[in-house]
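J.: Residue 252 in my numbering sits at position 252 of the sequence shown, with consecutive numbering throughout.
The structure under discussion is supplied below as structure tokens; questions concerning it will follow.
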Amino acid sequence: MTSLASADLNNPRQQAITAMKASLTADQWAENARFVAALRQEISAHPVSRHPAIDILNRGVLDHAAMRRIHLEYRHAIVQIFTDALLAAQMQSRQLEPRLAPASKMAGRFLLTLNILDEFGFRPGKDAEGHYRGNPTCAHYPLFEAVLDDYGVTVEDRATFRPTGIATEVRDFLEASYGSYTDVAALLAVAEEEVILFSPPLRRATGALGLPVDDGYYYVHGVSEDVTAEAADDDHEDDLWFILTQSLTSDQYDHVRAISLAYCDLWVRFWDEQLVLAGMALAETEAGLG
């Protein structure tokens, strides 16, 4: 029996990963890990990882109208539903039982919780009363809404915005995975990779317009290489791949690969459309100036 008094509470991520590994045989874990490593490599070579939008955003050449629309599209496609997907994964981890030993679902839930705590606005440490530190206004979704405030997007603008078909397809694809623990874990891992790829360029393009990026949403996204910031996207992506490694069975490999690459394909189409719309916005701006 585990003693609460003697339990090691340090290195919680590694504790969870160790527990997940222990829930499978060494051979099962190794086989799943090989599949996940190959899938990650395939995703890293996917066209989305070198999409022209990355360079265009990095160069800061898009105008206010184009960036305003991109943020509204991105909000619809992923920001509004990201925590929904994390909570769906929390719920569907129950699918590990009874295939694995009793309570095997808890290590994955524990690891997901580290992601969720960041997303919901909690911070490491204890407050003055010895409770968890945090504030819901520091949750990533409201921080993104504050970016829209900076762009001058009103509440009415948000309510009446009509996203493109591809933004809705991207959103629907993730939402359709909520019934399967393996599917939602795989797509969340891919979504984290998209956040890592596109948040730094979005941050630079926003800053190029003179809008604040040294606090708020772009303090927790888009600055993973900045040791003074609070981004943890890389850890969260790795955690989701570990969660997938635990949940997989070999008969699911082809399906998981197919949906992961299909989700990447949708993101390519999403950014293709953003560049088309941005080009139209720039042309209209130039026409107005002429």
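Ideal Cβ placement from N, Cα and C applies to all residues, glycine included.
Quick check on DSSP: helix, strand or coil for F122?
T.: Note: F122 maps to strand in three-state DSSP.
J.: Should A37 be labelled buried (16 or more other beta-carbon atoms within 10 Å of its own) or exposed?
T.: When all chains shown are included, A37 counts as exposed.
J.: Cutting at 6 Å between CB atoms, please list the residues of its own chain near G121, excluding the five before and the five after it.
T.: Same-chain partners within the cutoff: G134, N135, P136, C138 and A139.
J.: Kindly indicate which three-state DSSP category G134 falls into: helix, strand or coil?
T.: Note: G134 maps to strand in three-state DSSP.
J.: Please name the residue, chosen from L248, A22 and E273, that lies closest to L39 on a Cα-to-Cα basis.
T.: Cα-wise, what sits closest to L39 is L248.
J.: Got a sec? Which residues, its chain only, sit under 6 Å from A16 by beta carbon, not counting five neighbours each side?
T.: Correct list, in chain order: A107, F110 and L111.
J.: Whose CA, out of S104, E237 and A205, lies closest to the CA of D55?
T.: Nearest of S104, E237 and A205 to D55, Cα basis: A205.
J.: Given this structure, state the Cα-to-Cα distance separating G216 from F144, to the nearest angstrom.
T.: Distance between the alpha carbons of G216 and F144 is about 8 Å.
J.: As a quick exercise: from T245, Q28 and H46, pick the residue whose alpha carbon is nearest that of V268.
T.: The shortest C-alpha separation from V268 is found at H46.
J.: Could you check where the alpha helix (DSSP H) with N58 kicks off and where it finishes?
T.: Unbroken alpha helix (DSSP H) run through N58: P52 to R59.
J.: Starting from S44, trace the alpha helix (DSSP H) in both directions and tell me its first and last residue.
T.: Run containing S44: A26 to S44, per the alpha helix (DSSP H) assignment.
J.: Between which two residues does the alpha helix (DSSP H) harbouring I196 extend?
T.: Start and end: Y181 to A208.
J.: Within the same chain, show all residues whose beta-carbon is closer than 6 Å to that of L72, passing over the 5 residues directly before and after it, in chain order.
T.: Counting only Cβ-Cβ distances below 6 Å, and skipping sequence neighbours, we find F161.
J.: For R219, does the three-state DSSP call read helix, strand or coil?
T.: What sits at residue 219 in the sequence shown is Tyr, not Arg. Looking at Y219 - three-state DSSP - the assignment turns out to be helix.
J.: DSSP state of T83, grouped into three classes?
T.: Helix at T83.
J.: If you count every other CB in all the chains shown that lies within 10 Å of the CB of Y132, and 16 or more means buried, which is it?
T.: Y132 is exposed by the Cβ-count criterion.
J.: If you drop the 5 nearest sequence neighbours on each side, which residues of the same chain put their C-beta closer than 6 Å to that of Y218?
T.: R203.
J.: Okay, do the region 182 to 192 and the region 251 to 263 touch, 3+ Cβ pairs below 8 Å being the bar?
T.: The answer is yes - the region 251 to 263 touches the region 182 to 192, with three or more Cβ pairs under 8 Å.
J.: Helix, strand or coil for D63 per DSSP?
T.: Coil at D63, not helix or strand.
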